[in-house]
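Notes follow once the structure below has been shown.
Residue numbers (my numbering): 27 to 493.
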């Protein structure tokens, strides 16, 4: 029996799917038959699971229920019926997604759900504050300079527009960080070409006016107004590929799950696949953070600015935490899919839209909310409805009234497509305290380029849309 026959036989016994078979041949080509056989062993399917849902969902609390569509409400009920669910919460910016609604928080026992983390793993916010009067945003020469630094030092888009020459250095790209698994070894090339870039959709980098309203704040900033840079982006093709691969793997192991929860298939944390996903998820989180660090450093250097304070937080992630269920402290995996960590004193950023203010907040540590808050205003209408119902004139008029300059962006990201941020914040005053207000002034987003007009990607690079 030759090597190809050996691998074919081994893959049949292990019941590998098409993606895994293709990957096996790639491992064989790059690393030899021993590595390929080791990969097959690692991907061998365990016994098919047919878990039974709870008759009744676990108890959970909803914030801003009057602002949440029924589809998101129904998805949360289904998630609360999983046999692994310990607790949950639904944030006021919630809207329907895949499996767990965006804005959903789910605590599970000894298991992680890739789709409850989300496709854009560790999508993240970062705010950098400068000791500069934001009045410069109203001076034509200074505003033009800031706009130019934003355009020349950020990169947005899908396909070939979302990659660069791969000449940006950062410790997260060190080869040792990507050595543990065949999948992430292959993704290092994508990381090298996408670090410091932003995706499509709701990802942005903006110059803004940051008004500190709380005198006693963890940033140690005096009350007043500052120039600031705010960004929103995630783990790009790296996170997308990790999410897709392990979501498909989890679903393949649980074909008996009802359609209502099929995207909530999970991986046991004590399984090899569960440990692999956790490691890959954390690497995607580090990569997402590095993206923001690179963006902020490049823009600040071009503008000649020195930071005096910063805030970072991410969502679309899972954390090992201690929670309280019916008065008993339990170890749990807390998934926040489009929800901001809001432990007591933990700083976070809740943005509005391209035309509306956002807020820097301090968490109050609500037990009922699993120490979480919203991650934004939340969509009021789908992208399709926004494109059909909002005109370019509508968008421009709104931005003009709010004194916002937009570079790029599509109608599906218009402010009118989002809930009113003031109502969303008002629905969670028991979850967070406002530290300051962030008003966008010069906003950079991806150009609205249809898929068939995008530049192709080089071979071996993974692509992704935003969340």
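Note that the Cβ used here is the ideal one computed from N, Cα and C, for glycine as well.
These figures come from a predicted structure and were not determined experimentally.
{"Item": "Excluding the five sequence neighbours on either side, which residues of its own chain have a C-beta within less than 7 Å of the C-beta of residue 122, listed in chain order?", "Value": "95, 97, 98, 101"}
{"Item": "Just to confirm the assignment, what range does the alpha helix (DSSP H) spanning residue 68 have?", "Value": "59 to 69"}
{"Item": "In this structure, does DSSP put residue 34 in helix, strand or coil?", "Value": "helix"}
{"Item": "Mind checking which residues open and close the alpha helix (DSSP H) that includes residue 221?", "Value": "Run containing residue 221: none; DSSP gives neither H nor E here."}
{"Item": "CB-CB under 8 Å to residue 109, same chain, minus the five flanking residues each way: which ones, in chain order?", "Value": "77, 78, 79, 80"}
{"Item": "Give me the Cβ distance between residue 169 and residue 487, rounded to the nearest whole Å; I'm assuming they're in contact under 8 Å.", "Value": "With 8 Å as the limit, residue 169 and residue 487 do not qualify as a contact, their Cβ atoms being about 35 Å apart."}
{"Item": "Among the residues of its own chain, which have a CB less than 7 Å from the CB of residue 445, if the five just before and after it don't count?", "Value": "93, 119, 403, 404, 406"}
{"Item": "Would you mind giving the Cβ-Cβ distance between residue 46 and residue 69, rounded to the nearest angstrom? I have them listed as a contact below 8 Å.", "Value": "5 Å"}
{"Item": "Would you mind giving the Cβ-Cβ distance between residue 437 and residue 418, rounded to the nearest angstrom? I have them listed as a contact below 8 Å.", "Value": "7 Å"}
{"Item": "What residues are listed by DSSP as bridge partners for residue 257?", "Value": "152, 231"}
{"Item": "Going by C-alpha to C-alpha distance, which of 49, 484, 450, 439 sits closest to residue 230?", "Value": "439"}
{"Item": "Can you tell me the Cα-Cα spacing of residue 157 and residue 470, whole angstroms?", "Value": "22 Å"}
{"Item": "When we look at the beta-carbon of residue 482 and count the other beta-carbons within 10 Å, is it buried (16 or more) or exposed?", "Value": "exposed"}
{"Item": "Round the Cβ separation of residue 254 and residue 236 to the nearest angstrom and send it over; I've been treating them as touching at under 8 Å.", "Value": "4 Å"}
{"Item": "Which residue from 50, 89, 107, 191 puts its Cα closest to that of residue 286?", "Value": "107"}
{"Item": "What is the DSSP secondary structure of residue 164, reduced to helix, strand or coil?", "Value": "helix"}
{"Item": "Applying the criterion that 16 or more other CB atoms from any shown protein chain within 10 Å of the CB defines a buried residue, is residue 27 buried or exposed?", "Value": "Because the pLDDT at residue 27 is just 49, under 50, the model does not fix this residue reliably, and the value given afterwards should be weighed accordingly. Exposed, by the Cβ-count rule."}
{"Item": "Do the CB positions of residue 335 and residue 361 come within less than 9 Å of each other?", "Value": "no"}
{"Item": "Tell me which residue opens and which closes the alpha helix (DSSP H) that residue 321 is part of.", "Value": "298 to 329"}
{"Item": "If I measure Cβ to Cβ from residue 188 and keep anything under 6 Å in the same chain, skipping five residues before and after, which residues do I get?", "Value": "223"}
{"Item": "With a CB to CB cut of under 7 Å and the five nearest residues on each side skipped, what residues in its chain are close to residue 185?", "Value": "480, 481, 482, 483, 489"}
{"Item": "Taking a contact to mean a Cβ-Cβ separation below 9 Å, would you say residue 341 touches residue 148 in this structure?", "Value": "yes"}
{"Item": "Flag this pair as yes or no: are the beta carbons of residue 391 and residue 357 separated by less than 9 Å?", "Value": "no"}
{"Item": "Tell me residue 466's beta-bridge partners as DSSP assigns them.", "Value": "234"}
{"Item": "Report the start-end ranges of each beta strand (DSSP E) in the segment 78 to 127 that is 3 residues or longer and not cut off at the edges.", "Value": "86 to 88, 111 to 121"}
{"Item": "Is residue 134 helix, strand or coil when you go by DSSP?", "Value": "strand"}
{"Item": "Taking the beta carbon of residue 291 as the centre, do at least 16 other beta carbons fall within 10 Å, making it buried, or is it exposed?", "Value": "buried"}
{"Item": "Is DSSP giving residue 367 helix, strand or coil here?", "Value": "strand"}
{"Item": "Using 8 Å as the Cβ pair cut-off and three pairs as the minimum, do the segment 304 to 321 and the segment 238 to 245 touch?", "Value": "no"}
{"Item": "Relative to the C-alpha of residue 217, which residue among 387, 180, 40, 193 is closest?", "Value": "193"}
{"Item": "Given this structure, state the Cα-to-Cα distance separating residue 30 from residue 43, to the nearest angstrom.", "Value": "17 Å"}
{"Item": "For the candidate residues 161, 34, 277, whose alpha-carbon lies nearest to that of residue 67?", "Value": "34"}
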